[in-house]
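Note sheet for the following structure.
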Amino acid sequence: MSQIIHRSLHSTPPVAVSAQGAYITDAAGKRYLDACGGAAVSCLGHAHPDVLAAMHRQIDQLAYAHTGFFTSDTVEQLAAQLTRTAPGDLNYAYFVSGGSEAVETALKLARQYFVEIGQPQRTRFVARAQSYHGNTLGALAVGGNEWRRRQFAPLLIDVVRVSACNAYRDRRADESEQAYTQRLLNELEQAILEAGPETLIGFCAETVVGATTGATPPTPGYLQGVRRLCDKYGMLYIADEVMCGMGRTGTLHAFEQDDVVPDIVTIAKGLGGGYQPIGAVLASEKIVAALQAGSGLFQHGHTYICHPTAAAAALAVQQVIERDNLLEAVKTQGARLHQQLREVLGELPHVGDTRGRGLFAGVELVEDKASKRPFDPAFKLHAQIKANCMARGLMVYPMGGTLDGQYGDHILIAPPFIVTASQIDFVVDTLRQVIVEET
Ligand code: PLP
1 MSQIIHRSLH STPPVAVSAQ GAYITDAAGK RYLDACGGAA VSCLGHAHPD
51 VLAAMHRQID QLAYAHTGFF TSDTVEQLAA QLTRTAPGDL NYAYFVSGGS
101 EAVETALKLA RQYFVEIGQP QRTRFVARAQ SYHGNTLGAL AVGGNEWRRR
151 QFAPLLIDVV RVSACNAYRD RRADESEQAY TQRLLNELEQ AILEAGPETL
201 IGFCAETVVG ATTGATPPTP GYLQGVRRLC DKYGMLYIAD EVMCGMGRTG
251 TLHAFEQDDV VPDIVTIAKG LGGGYQPIGA VLASEKIVAA LQAGSGLFQH
301 GHTYICHPTA AAAALAVQQV IERDNLLEAV KTQGARLHQQ LREVLGELPH
351 VGDTRGRGLF AGVELVEDKA SKRPFDPAFK LHAQIKANCM ARGLMVYPMG
401 GTLDGQYGDH ILIAPPFIVT ASQIDFVVDT LRQVIVEET
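Here's what the structure looks like:
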């Protein structure tokens, strides 16, 4: 019996012993095609020689130095790489160990910005229903997934909640996409006015929603409307790209496809590709300038910020993506994946929607296609799909729908940027067989 508190306390997962390229092998010698990068993490696949070499060099030279005493060349180079490739004036980076830490950092940075510029009455965030921003208390508070929040709700800060942007679920039959988008923006403005704009710090949202509804992109013009409202009411726009960022959607940052630049961006999973735990916050010039002109200190910090070995892994991952032009591969293979999902799975009676951007795709399952009624959550369809796929040597990331029946079970697909056409064919073909068997 394992002495680890695993995700389930009733079962122990298979033991992974090695990994190479797009595959992970377990202790029984069985190979799995990693078509979800764990949770959209492994963007370069496993055991990339350039990343391993960079990590080895860094460990030999300087594995760790505390930031209370030193910086390192590697982390400075990583900051230069990320700020050079980010649009607008996202000129600063802060490095942490993962996505939730990045979100906590973003929330605190935004709050401190307003304290520094003499608006300490700004104390609340606006965030969306059915979102996921991490499992630490601040990140869980802005997140809108009731199942994750419920038992911890008494510990969470109060957040102004607005609707998700989910055209498949929430656009009315008689409503154009444009009218739906405008309805959401009207709702957001109303919520801002009701809360009192002078009390609000900012709006926080995933550009493409990942864990809770499965690669759900914003409607055209939605994020531009969000940006306009944030500017109008003096609020900051925080884009959480922990899952959808760093090339996963075909542009380095997903928001580039929406033609907006946030004030603060969180990134994590694809930053280090799973080679080391690392996350980051990118911050715009005006935020850092306000802290520089004010207290001269960001009142935050963890023991492992700016970790040199994590930075070496992330720098190598980002250099390989740039050198090998992998964003183009994401676009090409992403187009193939989406076309096949539409054509092969879209035909099935229980596939309600296929969606996403680049190599970030979601499939939503429904019991009844016409009414979009989800399967009964007690049926645990997502768990059956996962087990069946694993039995066939395929890793995808299925999640349950909401308990109130508003959203159906979905399957998240996020293969590495090096995925081949035949591997995509295997993913879609296997999923088709599994969905047919389980629904
Ligand atoms: N934000 C988003 C959008 C995420 O998808 C996640 C994780 O799935 C997080 C934050 C939390 O990241 P981590 O699990 O690394 O703490």
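FYI, the numbering for the sequence shown is 1 to 439, going by the UniProt record's numbering.
Glycine included, each C-beta is placed from N, C-alpha and C at the ideal position.
Note that the structure is a prediction, hence the values are computed from the model and not measured.
Its Cα nearest to that of Val288, the residue Leu109 stands out among Leu271, Gly356, Leu109, Thr266. Annotated as proximal: Leu341 and Val363, with beta-carbon spacing under 8 Å. Around the beta carbon of Glu76, a 10 Å sphere encloses fewer than 16 other beta carbons of the protein chains shown; the residue is thus reported as exposed.
For Ala28, same chain residues with a beta-carbon under 8 Å away, outside a window of 5 residues either side, are Pro14 in chain order.
For Arg228, the enclosing alpha helix (DSSP H) starts and ends at 222-232. Per DSSP, Tyr237 is one residue of the beta strand (DSSP E) stretching across 236-241.
Met1 sits exposed, since fewer than 16 C-beta atoms from the chains shown fall within 10 Å of its C-beta.
The DSSP-derived three-state label of His410 is strand.
When the beta-carbon positions are compared, Thr213 and His410 come within less than 8 Å of each other.
The alpha-carbon separation between Leu365 and Leu403 amounts to approximately 15 Å. Contact between the region 26-41 and the region 412-419 is present: 3 or more CB-CB pairs across the two stretches fall below 8 Å.
With a threshold of 16 other beta carbon atoms within 10 Å, Lys386 meets it and is buried.
The region 240-250 and the region 191-208 touch, with three or more beta-carbon pairs separated by less than 8 Å. In the same chain as Val427, and ignoring 5 residues on each side of it, the C-beta atoms closer than 6 Å to its own belong to Ala35, in chain order. Ranking Ile201, Asn388, Asp258 by CA distance to the CA of Val160 puts Ile201 first.
Contact between the region 302-316 and the region 45-60 is present, with at least three C-beta pairs closer than 8 Å. Residue pairing from DSSP places Met395 in a beta bridge opposite Asp34.
Straight through space, the alpha carbons of Gly346 and Leu78 are spaced by roughly 41 Å. Collapsing the DSSP output to three states places Phe152 in a helix. Each residue's CA atom was taken as its position, placing Gln433 and Arg172 some 32 Å apart. By DSSP's assignment, Thr216 forms a beta bridge with Val209. Fewer than three beta-carbon pairs drawn from the region 318-334 and the region 210-230 are found closer than 8 Å, and the two stretches are therefore not classed as touching. Distances from the CA of Arg122 to each of Ser18, Gly234, Leu348 were compared; the closest alpha carbon is that of Gly234. Annotation for Ile424: no beta strand (DSSP E) segment contains it, though the alpha helix (DSSP H) segment containing it runs 421-438.
When rounded, the separation of the alpha-carbon atoms in Glu285 and Asp89 is 6 Å. Inclusion of Phe70 and Ala280 in the CB contact set at 8 Å is not warranted, their separation being larger than that value.
Under DSSP, Arg124 forms a beta bridge with Leu200. With contacts defined by Cβ atoms closer than 8 Å, Glu177 and Thr219 form a contacting pair. The beta carbon of Gln3 lies closer than 7 Å to none in the same chain, with the five residues before and after it left out.
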